[in-house]
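Below: one structure, written as structure tokens.
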Amino acid sequence: MPRNSRIDCSSSTTRIFPTRALWHGRSYHRNLRLSPRTSVVERGWWLGLCGLIAYLALASSDIVDADNAELATLGALGGRAHPSGYPLYVLWLRAWVWLPGSAAHRAALATAVLGALTLVVLHAACRAWGARPLAATLAVAIVGAAPVVVHYHCEAEVFAMNGLVCALVVWLAAERGPLRGVRRAAVLGAVAGLGLSDHLTCVLVAPIGLYGVVRGARESRAIAYAAAAAGLAAGLLPYVYLACADGPASWGRIRSPADLVDFFLRREYGTTSLVPGAARPWPANMVACLATIARSWLWLPGAAGAAMLGVRIWRPAGETRGAWVALAASTLLAGPVLTSWFNVDPHGIGLYISQRFHILPTLLLTVPVAAAFDLVAARIARPRLAAGLATLGFAALLAAALPHLAAIHSPAAERGVQNLLRSLPPGAIAVVLSEDQCFGGRYLQLTRGERPDVALVCSELLRRGWYRAAWARRGLAMPADPGAPLGDALVRTGRPVFVDPGLTQLRAAFPGYPFGVVHRVLPRGSAPPSPSDVAAINRELYRGFDLDYPRPGRDDDFAAVAHRRYAASWAAIAGLLEAAGDHAGARDAVDVARSLQPTQD
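Quick note: the sequence shown uses the working numbering, first residue 442, plus one each step.
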């Protein structure tokens, strides 16, 4: 008798009718009626809810770095971010503008929602690739509480949406994914387009996505390829927003389709060149990427997941060999291959800059880690209890990550820019070098109304014609050269001029003195104040600085950078006093510098 059949014994003649497959068919699993509690746990919604509560509670209310400040500003006002513009993420932030609180906090809350959704979709992807609910829950609990993942799920950054998009691709491409045939291909294309509308690194999961599109075509007909292409085109539509997103916080100008293509391809900004003119230490970057992945996965589970990728390619289970090969290829492309092209030294701030790119390979490893856990989950008799323990494990790992997160989310970076703006005299012009001051100052001026009278100029942007043209329209014409020609142009305005201490050529061409975290520039031939007067001026300035928070440590990224600026200013004052023979005053200035320096623990 056929395996899937029914028997009619209503008459003297027995008849056998073929029926639809039940036990092995998809409809059987869809029609299973789970209790609400079981459904919430086994489908990942419980873990997603835990992640949502945690990420919302930990969302940063202050800006913490340059990109974060820029995106928080655009979330409040709209506009274009630096290339590729990230239009989908900006539009997502704009949808949450109704929330109360600071612009930085609103953007962080909106990003926390994306982070929680990523956990749910990752859980579904693990299940679609053959893992049991318990194994999927364990794997997602670990990665969801990893310090680097929590960091970027709790502040305005494009990488939370990027992780969600890539998790969707892995889920949709699976043989047991939610869609089949033409619908699978069309939705994969749309998700790919939306992903490119957020961050271009989602293209690194193309091996999985293309495998899913081919699978969709084989399940139906060749029109699936056209459906995928149409979905891709539809997903790219958010880029139309960039053409009309002019505003006070917008980057560049888009006047033609060619400009839009250049913006998308980052021709003005670069791709893997994170620090202009720097060397490419590819071995160190690869090691840093692998170390981040290993620490995020608590070393042993990460090693088990990497080994399971090889095992599943050798002996497929849960998915085809081709699917596992595609997943391995995407993980390698998104991890060691991409980071090997970075031209930034992965130490200190360099590691902070590059570490955000380690999130994607960390998330992609969730599926093979769940497959490794599945070998153990098959032997557990009480999966609900184990799922509860996994939730407790998520909370414990999250608690362990809190000190690191608190250091990153220190108010020191925002207060540093705020102290700079508040210390300047009315109508001042300040030329800053670092992006955290550039975009942080723009955030404070545009969203908080902080010192709008100050002209805060970003020296690194002066070589871009659109930036100089924007300042010219405001009555401040400047050259592209940030050296002596810039100083001449600014001094001619008659306004108080201050520059970053790092602009050494400009400083050498004019008299001046340390003033807070910047350097006061005086007209040629002017005499600067005496060193003792400079010390008195700065003591008065620093009395007005808001430093009421725990002093950051030396490895606390941009919070530490803010305090190094304070200390460097007083070290320069100490040098002036020492050169003038005021040894006691120099010792006092050194003591002030030490008190402001980041802690050494």
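The C-beta atom is built at its ideal place from N, Cα and C for all residues, glycine as well.
Using a 10 Å radius around the Cβ and a threshold of 16 neighbouring Cβ atoms, would you call residue i buried or exposed?
| i | result |
| --- | --- |
| Y990 | exposed |
| D687 | exposed |
| R461 | Only weak support is given to the placement of R461: the predicted model assigns it a pLDDT of 39, under 50, and the question is left unresolved by the model. |
| Q859 | buried |
| T945 | exposed |
| R573 | buried |
| P443 | Reliability fails at P443, whose pLDDT of 42 lies under 50, so the model's placement of it is uncertain and the value that follows must be treated cautiously. P443 comes out exposed. |
| E981 | exposed |
| Q796 | buried |
| D941 | buried |
| H592 | buried |
| T455 | Bear in mind that a pLDDT of 45 at T455, under 50, signals an unreliable position, so the model cannot answer this. |
| Q886 | buried |
| T1040 | exposed |
| C685 | exposed |
| P844 | exposed |
| G881 | buried |
| V531 | buried |
| R1028 | exposed |
| L677 | buried |
Measure the CB-CB distance between residue i and residue j and report whether it falls below 8 angstroms.
| i | j | result |
| --- | --- | --- |
| I800 | V505 | no |
| P866 | S900 | no |
| L806 | T772 | yes |
| P689 | L550 | no |
| G516 | R547 | yes |
| V975 | L1037 | no |
| P415 | S697 | A question about residue 415 goes unanswered here, because the residues of the chain that appear run from 442 up to 1042. |
| P993 | A853 | yes |
| R625 | G657 | yes |
| C607 | L804 | yes |
| L641 | S781 | no |
| V610 | G650 | yes |
| A582 | G834 | yes |
| A544 | T578 | no |
| C883 | L874 | Here residue 883 is Arg; the residue named in the question, Cys, does not match the sequence. Not a contact, by the Cβ cut-off of 8 angstroms. |
| P787 | A735 | no |
| H960 | F939 | yes |
| A745 | V808 | no |
| A812 | G751 | no |
| G630 | A586 | no |
| L673 | A699 | no |
| N603 | G556 | no |
| W1011 | A1034 | yes |
| A553 | C567 | no |
Pick helix, strand or coil for residue i, following the three-state DSSP scheme.
| i | result |
| --- | --- |
| T1040 | strand |
| G935 | coil |
| C730 | helix |
| Y1007 | helix |
| V898 | strand |
| G943 | coil |
| G994 | strand |
| V785 | coil |
| Y496 | helix |
| A551 | helix |
| L988 | coil |
| R471 | Summary for R471: the model assigns pLDDT 45, below 50, so the residue's position carries little reliability, and this model does not support an answer. |
| P969 | coil |
| D503 | coil |
| Y710 | coil |
| W570 | coil |
| P724 | helix |
| E981 | helix |
| R696 | coil |
| R461 | With a pLDDT of only 39 at R461, under 50, the local geometry of the prediction cannot be trusted, and the value read off the model is given with reservation. Looking at R461 - three-state DSSP - the assignment turns out to be coil, as it is neither helix nor strand. |
Can you pull the DSSP bridge partners for residue i?
| i | result |
| --- | --- |
| G520 | BP columns for G520 are empty, so no partner. |
| P955 | H960 |
For residue i, verify whether its CB is less than 7 angstroms away from any heavy atom of the ligand ATP.
| i | result |
| --- | --- |
| Q878 | The model depicted lacks the ligand ATP and carries no ligand whatsoever. |
Length-filtered (4 minimum) alpha helix (DSSP H) runs lying within the segment 825–888: Taken in chain order, the whole alpha helix (DSSP H) runs of length 4 or more contained in the segment 825–888 are 853–864, 876–888.
4 or more residues per run - each alpha helix (DSSP H) lying fully within the segment 584–636: 588–594, 600–614
Alpha helix (DSSP H) segments (min. 4 residues) lying fully within the segment 505–549: Taken in chain order, the unbroken stretches of alpha helix (DSSP H) that lie wholly in the segment 505–549 and span 4 residues or more are 507–518, 528–535.
Entirely enclosed alpha helix (DSSP H) segments - the segment 630–691, minimum 4 residues: 647–660, 664–676, 681–684
Alpha helix (DSSP H) runs contained entirely in the segment 901–926, provided each spans 4 or more residues: 906–914
Secondary structure, alpha helix (DSSP H): runs of 4+ residues fully inside the segment 739–807: 741–755, 762–773, 790–796, 800–805
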